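Step one of this worksheet: look at the structure below.
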Amino acid sequence: MNFIEVESFFFLPTAVILYWLLPRSRLAQNLFLLLVSLLFYACWDVRYLSLLLLGACLDFAIIRFMAAQTDDQPRSPSRRKVLVLSLAFSLEALAYFKYEGFFANSLNALLSNLGLTTQLPVLKLVLPLGISFYTLQRMGYVIDVYWRRIVPTQSFLDFLLFACFFPQITAGPISRGGELLVQLEKPRLLTPGTLADGAVAFLLGFALKAWAAELIGTNWVDPVFAASHQFGRLAHVAAACGYGLQVFGDFAGYSLMAIGVAHLFGITLPMNFNFPFLSKSLTEFWRRWHITLNRWLFDYIFTPLSTSRGWWRGRLDLALLLTFAASGLWHGAMWTFVVWGLFHGLGMVLHRNWDERYRALCRRDRKYVRLRQSNIYALAAWAVTMAFFMTSLIPFRASSLAVAGAFVRDLAISPGPDRVHVSFECLASAGFIVLYHCFDLPKLRRFRDRFFAMPAPIRGIAYGLLIVWLALKVPASAGTFIYQQF
Amino acid sequence: MDEQTVKRVVTEWLDDNYHFGDAATLIGGDEDKSFLQSGILDSLGFVKLILHIEQTFSVEIDRKNIVPANFDSLQRIAAYVCSLPGARLSP
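Listed in order, the protein sequences are those of chains A and B.
Per this note's numbering: the first sequence ends with 594, consecutive numbering throughout.
Per this note's numbering: the second sequence ends with 499, consecutive numbering throughout.
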């Protein structure tokens with residue numbers, strides 16, 4: 109089950125009503141949320157519940173063991189051993205379920221190229237739902253306890269709920285202990301804003317995901333990626349840009365729905381997207397897109413590497429390449445994702461070096477500072493950033509490197525007519541995502557703020573109209589979402 | 409090591425590397441202003457700032473302390489660096 113499926117429209121309201129009828133105690137609320145979370149996960153596949161619970165139990169035992177070590181050295185051998193045990197379990201589960209086929213297929217292809225007939229068996233395993241998300245969340249918590257950045261929780265129930273909390277388990281946001289666990293350690297109170305804010309976030313997320321992303325995907329993206337040789341250049345550009353809008357609508361929409369659902373239970377999850385299409389550099393883009401994953405990668409890979417005492421110290425470019433290669437591999441067990449990650453790593457390296465050189469110019473002459481602050485520079489930087497991101501989505505969307513190569517070739521030679529399906533609904537769904545961003549521009553933000561300051565009945569009418577629109581227009585196929593596969 | 413020295417060194421570094429004379433204006437007298445939220449520094453800049461602080465004040469910053477609570481504003485950096493034993497301006 110996910111939040112777009114029909115079942116969730118019965119499941120969620122029932123869970124919310126029962127939750128707020130419970131006594132306002134941490135124990136009752138957390139126990140109920142844990143049962144709901146386990147039920148939610150079991151509805152997808154009850155077999156993998158054991159994997160989720162086993163990992164959570166092991167990590168709880170490990171953090172309690174670390175807490176019991178009272179010596180001054182956070183990196184004592186015993187603490188280090190249990191950290192390795194925790195990371196090994198998490199990474200092995202991820203490697204086995206997510207990457208076994210990728211590694212086996214890659215090795216088989218290599219053996220075959222070398223003329224060897226030996227082939228490794230490829231297990232066709234079902235990917236446990238949310239494994240990439242909940243694994244990183246738990247790993248981050250255990251590492252923070254190891255580094256003594258946080259005091260580990262004493263409550264098994266709270267930790268289990270932190271590891272299994274159903275709104276975020278499918279596709280994040282990936283929370284830190286200091287964000288989610290601290291909220292679970294005290295009872296939640298029902299305030300007037302709790303339900304209203306949660307419902308609005310859910311509704312907005314649903315519109316982005318189930319309407320806008322779905323329409324753009326089926327009309328502009330899927331046909332061109334399925335048979336790129338039948339389309340012209342304009343259709344290819346529309347497909348690449350459309351996919352950027354689609355993947356934003358899909359994932360930012362689902363993240364907003366998760367944030368909204370958590371809010372209905374009085375819990376605030378971290379923001380996952382912050383108007384990424386307003387970014388004027390790749391560095392800024394990655395601070396605005398899938399925020400919780402990127403801060404995880406920077407907190408636990410990039411920063412420790414580049415500030416270490418060893419060989420990696422100060423090697424920012426290499427650390428960036430490695431971090432983004434890891435990001436690519438995290439997104440999917442395919443070479444297309446690795447290429448996508450390296451492409452972004454390379455982009456970050458180029459941007460960083462450009463920035464260094466430009467700053468050297470700024471030091472010499474302030475006219476470069478003024479140029480950098482000008483609208484022309486901002487517009488050019490925005491255009492380059494968007495073009496880079498949209499181009500990077502070609503391997504991200506393609507089913508194989510060969511398909512990505514064919515797409516690029518057909519984009520260059522334009523083999524077919526420039527057929528782009530243009531309908532009012534398609535334009536409206538793309539316009540919806542564009543407007544969503546525009547209302548965060550400094551000059552337009554006041555309109556958004558004015559809307560939220562309107563009396564509740566007026567806003568209620570607007571939301572009602574949106575619900576009617578969505579009920580009429582959401583395609584029946586809108587049942588899955590892109591990031592679920594990761 | 410006093411906090412004013414640390415603040416001066418960090419502001420100079422921001423000026424030399426990121427804001428070219430505008431760092432003090434951007435901070436605007438609010439020494440608690442979040443570097444990340446106000447765009448004064450990004451994540452790459454943080455790493456470079458940490459490396460610079462280690463070099464300039466002859467200190468080693470433990471990984472557990474590389475958190476926004478210690479580095480996200482002028483005041484926090486100054487308080488944190490001054491709390492490090494043996495922190496001194498490198499010759």
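Every residue, glycine too, gets a C-beta built ideally from N, C-alpha and C.
Computed from a predicted model, the values in this text were never measured in an experiment.
Where residue i falls, given that 16 or more other Cβ within 10 Å makes a residue buried
i	result
B:Glu420	exposed
B:Phe479	buried
A:Asp548	exposed
A:Ser186	exposed
A:Val542	exposed
A:Val192	exposed
B:Asn425	buried
A:Lys206	buried
A:Ala441	buried
A:Asn138	buried
A:Trp404	buried
A:Trp419	exposed
A:Met456	buried
A:Glu322	buried
A:Ile569	exposed
A:Pro300	exposed
A:Leu298	exposed
A:Thr122	exposed
Under the three-state DSSP convention, the category residue i falls into
i	result
A:Leu219	helix
A:Lys475	helix
A:Lys581	helix
A:Lys388	coil
A:Ser435	helix
A:Arg517	helix
A:Ser500	helix
A:Gln245	helix
A:Lys206	helix
A:Asn382	coil
A:His440	Going by the sequence as given, residue 440 of chain A is Gly instead of His. In this structure, A:Gly440 counts as coil in the three-state DSSP scheme.
B:His427	helix
B:Val489	helix
A:Ile541	helix
A:Glu533	helix
A:Gln227	coil
A:Glu293	coil
For residue i, the first and last residue of its enclosing alpha helix (DSSP H)
i	result
A:Ser194	185 to 202
A:Leu235	Taken as a continuous stretch (DSSP letters only), A:Leu235 belongs to no alpha helix (DSSP H), as it is neither H nor E.
A:Gln481	Premise fails: A:Gln481 is in no alpha helix (DSSP H) and is neither H nor E.
A:Ala366	341 to 372
B:Val417	411 to 422
A:Leu141	134 to 152
B:Ile474	First-last for B:Ile474: undefined, no H or E at that position.
B:Gln445	Counting along the chain, B:Gln445 falls outside any alpha helix (DSSP H), and DSSP gives it neither H nor E.
B:Gly436	B:Gly436 -> no alpha helix (DSSP H), and no H or E assigned at all.
A:Pro412	411 to 414
A:Thr400	399 to 405
A:Ala279	Run containing A:Ala279: none; DSSP gives neither H nor E here.
A:Asp548	Careful: A:Asp548 lies outside any alpha helix (DSSP H) and carries neither H nor E.
B:Gln463	451 to 464
A:Ala169	157 to 176
A:Asp266	264 to 272
A:Asp330	330 to 334
A:Asp305	300 to 314
C-beta atoms of residue i and residue j nearer than 8 angstroms
i	j	result
A:Leu608	A:Val369	Examination of residue 608 of chain A is not possible in this model, given that chain A is present from 109 through 594 alone.
A:Ile399	A:Asn382	yes
A:Trp328	A:Ala315	no
A:Gly280	A:Ala320	no
A:Glu208	A:Leu231	yes
B:Leu449	B:Phe443	yes
A:His344	A:Leu519	yes
A:Asp266	A:Leu289	yes
A:Gly352	A:Met247	no
A:Trp174	A:Val190	Residue identity check: residue 174 of chain A is Met in the sequence provided, not Trp. Yes; because the gap between Cβ atoms is below 8 angstroms, this pair is in contact.
B:Val455	A:Arg257	no
A:Leu142	A:Cys272	yes
B:Ala431	B:Asp423	yes
A:Lys388	A:Ala489	yes
A:Ser414	A:Arg423	yes
B:Phe428	A:Arg517	no
A:Leu202	A:Ile239	yes
A:Phe264	A:Phe168	yes
Amino acids of chain D, ordered along the chain, whose beta-carbon sits closer than 7 angstroms to that of residue i
i	result
A:Thr415	The chain inventory of the structure shown lacks chain D, comprising the protein chains A and B.
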